[in-house]
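Notes follow the structure.
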Amino acid sequence: MATPNHTLDDVRELAMGLPRTTEGTHFRMPSFEVGGKHFAVVQKGKNRALLYLSEADARTAIAENPASVSESRRRDRYEGVWVDLGTVATPDLKSLLTLAHKAKA
1 MATPNHTLDD VRELAMGLPR TTEGTHFRMP SFEVGGKHFA VVQKGKNRAL LYLSEADART
61 AIAENPASVS ESRRRDRYEG VWVDLGTVAT PDLKSLLTLA HKAKA
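Everything in the sequence shown is counted per the UniProt record's numbering, starting at 1 for the first residue and increasing by one.
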């Protein structure tokens, strides 16, 4: 089976399918929001996305998919998870976006 290589357009299609999602920018990077809160930010140059999952969901996601999901910390505090868009399977990406959306809705 071929390795996934998701693009911003793929993330956009999945994210915009979630209720009340809007697209904007966050520090000049494409982002997706619900209720004015970012739930996903795409770093195009690095082919990865930062998803704002709850810490519990993050631990589960990392345990289930350590090759594609890793913790993001800012100022030594949990921030979210990095998702490698080059390796994450489409169903997993959709599930992770849904969890991030739910965490911010």
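All residues carry an ideal CB built from backbone N, CA and C; glycine is no exception.
Same chain, Cβ closer than 7 Å to residue i, five either side skipped, listed in chain order
i	result
Glu79	Ser72 and Arg73
Ser54	Ala103
Thr98	Leu18
Ala89	Pro4
Arg48	Trp82, Val83, Asp84 and Leu85
DSSP beta-bridge partners of residue i
i	result
Ala63	In DSSP, Ala63 forms no bridge with anything.
Thr21	Val34
Own chain residues within Cβ distance below 6 Å of residue i, not counting five before or after
i	result
Met1	Below a pLDDT of 50, predicted positions are generally treated as unreliable, and Met1, at 46, falls in that range; the measurement from the model is reported next regardless. Around Met1: no qualifying Cβ.
residue 148	The structure shown does not extend to residue 148, since the chain is modelled only from 1 through 105, so no value can be given for it.
Asn5	Gly86
Nearest-angstrom Cα separation, counted from residue j out to residue i
i	j	result
Gly86	Ala56	24 Å
Leu93	His101	12 Å
Arg77	Glu13	30 Å
Thr21	Ala105	9 Å
Lys46	Asp10	15 Å
Arg75	Met16	30 Å
Other residues of its chain near residue i: CB distance less than 8 Å, five sequence neighbours each side excluded
i	result
Ser31	Glu23, Gly24, Thr25, His38, Ala40, Val41 and Val42
Val81	Leu50, Leu51, Leu53, Ala58, Ala61, Ile62, Val69, Ser70, Glu71, Ser72 and Leu96
Lys44	Leu8, Met29 and Pro30
Pro91	none
Pair every Cβ in the stretch 59-75 with every Cβ in the stretch 35-42, then say whether three or more of these pairs are closer than 8 Å. no
Segments assigned alpha helix (DSSP H), at least 4 residues, entirely inside the stretch 23-86: 55-64
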